[in-house]
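Following: one structure in structure tokens, then a few remarks.
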Amino acid sequence: MDAKNNEISSTDLADGNQGYDKLNFSPETTQRYKIVISPFKKGNVPNGEINIFIKKYSTKELEGIKKSSLAAKEENNKDIMTLDIKHFWEAFDQLKDCRNFKDSVQIIQTVYLDRATDGLKNFQKVKDFSAEKFVHKIHQYKKFYNSVRKNTYVANELDISDHSLLDRFKKIYPEAKGFKVCFIIGPVSDGATISGNYLLLGTELLSGDANSDTSEFTNANFKADFSKIKTTDDLKLKLEEVAAHESVHTQQQPRNKDAVICNLLDLAIREGVAEFIAQKILDRPFKPKNYEIYGIAHEKELWIEFKSELCNASLKNWIANNGTSTDRPADLGYLIGYKIAASYYDMMPDKKQAIKEMITMDNPLLFLDKSRYDIKFR
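Numbering (UniProt numbering), first residue to last: 1 to 378.
The structure is reproduced here in structure tokens:
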């Protein structure tokens, strides 16, 4: 903060004990500045030690930072960004010359994270990871990273920029707002997410195919999904589909403050709507995913089970459970949400109005009731 207690910069990226928060600051005026450290949760009483390391950059280092900033600025002006992929592999190649963990962290930080586009910076904030965590993950999944390297460059061949994807989106939903697509390499944590108007695509996970080395994965869900991608064309279609899906999320509305809180149903419908609308945007059915094949075969029993947990705060049995679901495919909540969305669309005589209402859904229980999805199983 400056002398008037105005916040001028902040950071919250370190993941638990795996790394330090890093903050670069170049003062524009001479005055008294202060660092404020707040507890993660309000009410926590800080205790123990806080270590602060201060480094003054040399003129050469400052020139390097300026050069990286200019390159990132040029990339940030594009609708589709892939520069982070190039930077990651430059860092990855330099890891072989590192003598210890500290050296590896320095390489990931300076060669990759310090040169980040706005998209990667957003991804890092949303997923809360540090250079230290990244190095741990690279060590854990080194064979996998090496095996998908060639596939990650396929992102450069796609035409899913704001202009082309948004034009198709506006044909079915004229109110669609612009967005940016950013392909990054992550710490094997997330295939895709959004932050504001950014579509953030974790290219290392999205690039897995039937030839990828999955020997380091302990869960079969990743392997099952990767095995369906057999050609470069399959991979291109998958990347387009994920981008279309995430673009829908950038248009969705927050829950109505007067609606009953129903977390599981809310998220399932949002994901199902995103998948359903994505197929309308691209005007094609998607290749069935592992959870869809299983889910369609067990739809009634899954709905009965899902309905018993309808407004649970926990998503662990249905969504984002790739690492824990062992007796059946993960993400079956996506299938339930998709089926509710499809039922809603079928019930509405005005299909354009149906699409608008699906995207702007802000009351999940009301949406479920209007879809009449539950009726088919009575």
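In this text, a Cβ means the ideal position worked out from N, Cα and C, and glycines have one as well. Because the structure is a prediction, the values reported are computed rather than measured.
Residue j beta carbon less than 7 Å from that of residue i
{"i": "Thr214", "j": "Lys223", "result": "yes"}
{"i": "Phe88", "j": "Tyr112", "result": "yes"}
{"i": "residue 381", "j": "Leu200", "result": "Absent from the model: residue 381. The displayed extent of the chain is 1 to 378, so no value can be given."}
{"i": "Glu75", "j": "Met81", "result": "yes"}
{"i": "Pro364", "j": "Cys262", "result": "yes"}
{"i": "Gln251", "j": "Ile359", "result": "yes"}
{"i": "Leu62", "j": "Leu158", "result": "no"}
{"i": "Lys300", "j": "Phe377", "result": "yes"}
{"i": "Met347", "j": "Arg372", "result": "yes"}
{"i": "Ala341", "j": "Gly272", "result": "yes"}
{"i": "Asn321", "j": "Ala330", "result": "yes"}
{"i": "Gln124", "j": "Ile107", "result": "no"}
{"i": "Lys4", "j": "Asp79", "result": "no"}
{"i": "residue 383", "j": "Thr193", "result": "Outside the modelled stretch of the chain, which goes from 1 to 378, sits residue 383, for which no answer is possible."}
Residues near residue i by beta carbon distance below 7 Å, same chain, minus five either side
{"i": "Asn317", "result": "Glu309"}
{"i": "Ala274", "result": "His245, Val248 and His249"}
{"i": "Val105", "result": "Ala131, Glu132 and Val135"}
{"i": "Phe226", "result": "Gly208, Asp209, Ala210, Ser212 and Thr214"}
{"i": "Gly295", "result": "Leu302, Leu332 and Leu335"}
{"i": "Gln279", "result": "Pro285 and Phe286"}
{"i": "residue 379", "result": "What is shown of the chain runs 1 to 378, which leaves residue 379 out entirely."}
{"i": "Ile8", "result": "Met1 and Asp2"}
{"i": "Ile293", "result": "none"}
{"i": "Lys66", "result": "none"}
Beta-carbon contacts of residue i that lie in its chain and below 6 Å, excluding the five residues immediately before and after
{"i": "Asn17", "result": "Because the pLDDT of Asn17 is 49, which lies under 50, any placement of that residue in the model is unreliable, and the number read from its coordinates should be weighed accordingly. Cβ neighbours of Asn17 beyond the five flanking positions: none."}
{"i": "Ser207", "result": "Val148, Asn151 and Thr152"}
{"i": "Ser10", "result": "none"}
{"i": "Phe306", "result": "Ile336"}
Contact set for residue i: own chain, Cβ-Cβ below 8 Å, skip 5 residues either direction
{"i": "Glu204", "result": "Phe144, Tyr145, Val148, Thr152, Ile185, Gly186 and Val188"}
{"i": "Lys236", "result": "Val154, Glu157 and Leu158"}
{"i": "Ile50", "result": "Ile37"}
Nearest residue (CA-CA) to residue i, options the options
{"i": "Gly64", "options": "Lys86, Thr110 and Thr29", "result": "Thr110"}
{"i": "Phe53", "options": "Gln31, Arg32 and Asn24", "result": "Asn24"}
{"i": "Ser195", "options": "Gln140, Lys121, Val154 and Leu239", "result": "Lys121"}
{"i": "Ile319", "options": "Ser343, Arg270 and Lys352", "result": "Arg270"}
{"i": "Lys289", "options": "Glu305, Ile304, Asp234 and Asn256", "result": "Asp234"}
{"i": "Thr218", "options": "Gln140, Ala259, Cys98 and Lys376", "result": "Gln140"}
{"i": "Val242", "options": "Asn256, Ile37 and Ile281", "result": "Ile281"}
{"i": "Pro254", "options": "Ser38, Met361, Arg378 and Ile138", "result": "Met361"}
{"i": "Pro27", "options": "Tyr57, Pro329 and Asn51", "result": "Tyr57"}
{"i": "Pro174", "options": "Lys352, Phe367, Ala313 and Arg372", "result": "Lys352"}
{"i": "Asp114", "options": "Tyr33, Glu90, Lys96 and Ser69", "result": "Ser69"}
{"i": "Ala297", "options": "Leu315, Val260, Lys339 and Thr326", "result": "Lys339"}
{"i": "Ile304", "options": "Asp374, Lys102 and Asn6", "result": "Asp374"}
{"i": "Ile277", "options": "Lys34, Glu357 and Lys142", "result": "Glu357"}
{"i": "Tyr344", "options": "Lys170, Asp369 and Ile138", "result": "Asp369"}
Check: residue i C-beta below 6 Å from any heavy atom of the ligand FMN
{"i": "Arg149", "result": "With respect to small molecules bound, the structure shown includes none, and the ligand FMN cannot be examined in it."}
Original post:
Counting Cβ pairs closer than 8 Å, one from the stretch 261 to 275 and one from the stretch 181 to 199, do we hit at least three?
Top reply: no
Original post:
Along the chain, which unbroken stretches of the alpha helix (DSSP H) at least 4 residues long are found entirely within the stretch 210 to 240?
Top reply: 220 to 226
Subject >> Runs of alpha helix (DSSP H) lying entirely within the stretch 247 to 273, each at least 4 residues, in chain order >> reply: none
**OP:** At 4 residues or longer, and completely inside the stretch 101 to 149: list those alpha helix (DSSP H) runs for me, N to C.
**Re:** 101 to 107, 118 to 127 and 131 to 140
Original post:
Quick one: complete alpha helix (DSSP H) runs, 4+ long, within the stretch 172 to 217?
Top reply: 203 to 206
Original post:
Counting only runs that start and end within the stretch 58 to 85, where is the alpha helix (DSSP H) found for 4 or more residues in a row?
Top reply: 59 to 76
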